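Data first, discussion second: the structure below is written as structure tokens.
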Amino acid sequence: MHEKQFDILGMSCGSCQKKISDKLNSLPDISAVVDLKTNSVKISSKNEINLQQLNDAVGSIGHYFLKDPDNHDYTFIKPEDKISPSSVYFCPMECEGEKLYFKQGKCPVCGMYLAPIEEREEIREKAKSTENQKVNLDKIGEFYCPMFCEGDKTYPKNTGCPVCGMDLVQIVAEGQEDNSTYIDLRKKFYIALAFTIPVFILAMGGMMGLPIDKIPHHTQLYLQAAFTIPVVYAGFMFFQRAYVSFKTWNLNMFSLIGLGVGAALVLSCITLFFPNIFPNDAHPHIYFESVCIIITLVLLGQLLEAKAHQKTGNAIRKLMNLSPSEAHLWENGEEKTVKIDEIKTGNILRVKPGEKIPVDGVIIEGYSTIDESMITGEPIPVEKSIDNQVISGTINGNGTFLMKSQRVGSETLLAQIIKMVNDASRSKAPIQKLTDKVSKVFVPVVVFISVLTFVLWWIFGAEPKFFNAFVNALAVLIIACPCALGLATPMSVVVGIGKGAQNGILIKSAEALEQMEKINVLITDKTGTLTEGKPSLEYVFPAKNYTENQIINISASLNKNSEHPLSKAILSKSDASQIEAVSDFQNLVGKGIEGIIG
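One gets our numbering by counting positions in the sequence shown from 1 and adding 378 to each.
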């Protein structure tokens with residue numbers, strides 16, 4: 379099985395995510411998991427992964443492009459903009475060495491657009507200068523192009539890179555959460571809610587006994603229209619998504635929202651501002667309250683989705699915070715503090731009492747007890763000595779030891795756990811895959827039924843036929859909006875896996891989460907899971923010539939120098955005044971303790 383992760387250029391919303399996912403998963407022997415938050419896709423295939431084939435597929439449904447993060451193709455060149463006078467082109471990545479091509483197009487290996495041969499040296503120099511390009515953290519809050527098309531230049535707004543057209547990325551402080559999507563949706567939701575309430579009161583207040591009739595009817599309608607404007611502004615992105623869905627013919631729930639709400643808005647405006655175009659016997663309705671309520675409810679759904687993703691991201695960040703940011707490197711008999719990402723395999727590290735283990739490795743000198751509850755769930759510290767393995771993120775006890783790093787960075791067990799939680803939150807449950815298939819058919823069917831409703835009412839309906847047909851067709855579109863199909867299942871996966879991670883339960887995939895409802899037997903470890911993991915002394919069986927108190931006091935005298943949990947249990951039952959001094963105390967790993975009392 380071949381697996382590879384690619385960055386996605388041009389993906390900006392859930393609709394884009396669904397289109398790309400559907401298209402890639404429709405390819406033979408391809409399994410794709412698309413992540414909107416990181417703008418990436420994980421491809422799994424039994425055969426070699428062909429990037430050109432993938433880009434041809436996603437390019438056929440919109441302005442999308444897959445980029446290999448391992449290839450530093452910093453120049454994204456459109457063939458229509460870059461024409462070679464000599465009609466000779468080359469791949470900026472030089473995938474096939476210095477091979478030349480004699481027509482515009484894409485590299486058959488990496489899928490990148492070919493560049494004119496006249497720009498070879500310029501592009502090579504640019505690639506070298508941007509190879510180690512970093513973002514200036516002094517400009518936090520501004521945006522930059524992840525392709526560094528114009529070096530480290532930043533932009534005040536996310537209007538897209540002027541060179542490659544890619545979405546810009548906001549600069550955030552190290553360790554800071556990027557909540558821009560959630561904050562933006564929350565602001566739009568509050569705007570929509572603030573103006574929807576007065577529109578609803580003006581439209582429905584009379585039915586609730588409110589003295590709305592004191593306001594002239596036409597004044598009410600003009601007020602509704604005025605209050606609807608900021609609501610439409612807050613939900614304008616839904617109309618943009620609807621336009622793209624019809625343009626690429628990838629219909630989704632935003633297709634119905636945009637079509638239904640847009641039609642209701644247009645009809646309401648025509649009715650209010652141009653009433654004379656309607657027949658005298660026609661009494662068309664004003665739908666401003668429906669427009670506002672639908673936009674506000676959909677914004678609420680989008681806000682809840684963003685919040686769920688944020689919580690899952692927080693759970694993953696908490697796992698990431700288990701790893702320390704610094705470590706003590708022992709080199710040439712000297713100790714120095716280094717950043718965690720500077721540690722390499724084979725480095726010797728010193729771990730002091732109370733510190734977190736920086737990377738996975740093996741103890742080469744010293745002894746300690748280590749709290750591995752974050753991995754095993756066991757609250758009782760584990761004794762560790764020479765040749766014992768230690769795990770990144772676990773907490774050292776009172777001992778000091780030297781360790782040799784064996785797995786660093788993404789190879790550590792903690793990093794693998796974080797990756798598993800991240801992958802699981804993006805995976806699809808079997809029921810969700812079924813839902814996706816239903817949605818592909820559902821939306822076109824609803825549009826067809828709406829058109830059919832219009833035709834039947836126009837032919838057989840009561841007068842005025844056109845307006846009755848329009849109103850009923852509109853009702854079909856609005857009522858049938860498949861928000862639940864698009865949100866319920868993926869959100870349950872995201873929330874479930876994120877909540878599990880927060881509580882120390884690691885769920886491998888969405889499929890595993892779905893299968894949990896079939897469980898009828900649960901097997902757990904007892905100590906520290908069903909019990910508190912705090913041992914206590916219950917019975918003492920003294921040998922001949924010794925009393926129970928003597929045994930307890932002798933044991934307590936020896937155990938006062940030990941940090942073992944069983945030692946604490948014995949000390950809690952003893953009389954402190956009866957504890958004697960101990961000399962030649964030794965802690966024998968795996969065997970117990972010994973010493974001379976008195």
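Backbone N, C-alpha and C define an ideal beta-carbon position, used for all residues, glycine too. In this text, all values refer to a predicted model and were calculated from it rather than measured experimentally.
- For K397, the enclosing alpha helix (DSSP H) starts and ends at 392-403.
- Runs of the alpha helix (DSSP H) lying entirely within the segment 594-655 and spanning at least 4 residues, in chain order: 595-612, 614-626, 631-651.
- As a beta-bridge residue in DSSP terms, P494 pairs with Y467.
- Between M781 and the set E709, L791, V833, the nearest pair of CA atoms involves E709.
- Uninterrupted beta strand (DSSP E) stretches at least 3 residues long and entirely within the segment 822-849 do not occur.
- Taking C-beta separations shorter than 8 Å and ignoring five residues to either side along the sequence, the partners of I948 in its chain run L915, I930, S933, A934, N937, following chain order.
- Per DSSP, F919 is not a residue of any beta strand (DSSP E), being assigned neither H nor E.
- In chain order, F632, S633, G636 place their CB closer than 6 Å to the CB of A620, counting only its own chain and leaving out the 5 sequence neighbours on each side.
- Three or more beta-carbon pairs separated by less than 8 Å link the segment 430-449 to the segment 402-409, which places the two stretches in contact.
- Counting only residues of its own chain and dropping the five nearest sequence neighbours on each side, L852 has a CB closer than 7 Å to the CB of G638, A641, A642.
- According to DSSP, S751 shares a beta bridge with no other residue.
- Secondary structure note for I975: its beta strand (DSSP E) is the uninterrupted segment 970-975.
- In the DSSP annotation of this structure, the continuous segment of the alpha helix (DSSP H) that includes Q928 starts and ends at 926-937.
- No Cβ-Cβ contact shorter than 7 Å links L700 with G787.
- Its chain contains V716, I718, I721, L727, P736 as the residues whose beta carbon lies nearer than 7 Å to that of A705, once the 5 sequence neighbours on both sides are disregarded; these appear in chain order.
- In this structure the segment 563-571 lies against the segment 599-613, because at least three pairs of beta carbons, one per stretch, are closer than 8 Å.
- In this structure, the alpha-carbon of L601 lies about 37 Å from that of T626.
- Taking a contact to require three or more Cβ pairs closer than 8 Å, the segment 743-754 and the segment 764-779 qualify as touching.
- The distance from the Cβ of S961 to that of G973 is about 7 Å, consistent with a contact at the 8 Å cut-off.
- For P653, there are no CB contacts under 6 Å within the same chain when 5 residues up- and downstream are skipped.
- A straight line joining the alpha-carbon of L944 with that of K951 spans about 11 Å.
- Judged by DSSP in its simplified three-state form, Y533 adopts strand.
- Sixteen is the threshold: when 16 or more other Cβ atoms of the shown chains lie within 10 Å of the Cβ of A888, as they do, the residue is buried.
- In this structure, I748 places its C-beta atom within 7 Å of the C-beta atom of P759.
- Contact check for H380 and S418: beta-carbon distance about 17 Å, past the 8 Å limit, so the pair fails to qualify.
- Counting of Cβ neighbours within 10 angstroms places V436 among the buried residues, the total reaching 16 or more.
- The shortest C-alpha to C-alpha distance from W835 to any of V825, I795, N850 is the one to N850.
- Boundaries of the beta strand (DSSP E) around L727: 726-729.
- Closest in C-alpha terms to E761, from the list L966, L492, P534, F384, comes L966.
- In this structure, the straight-line span from the alpha carbon of F666 to that of F848 is close to 16 Å.
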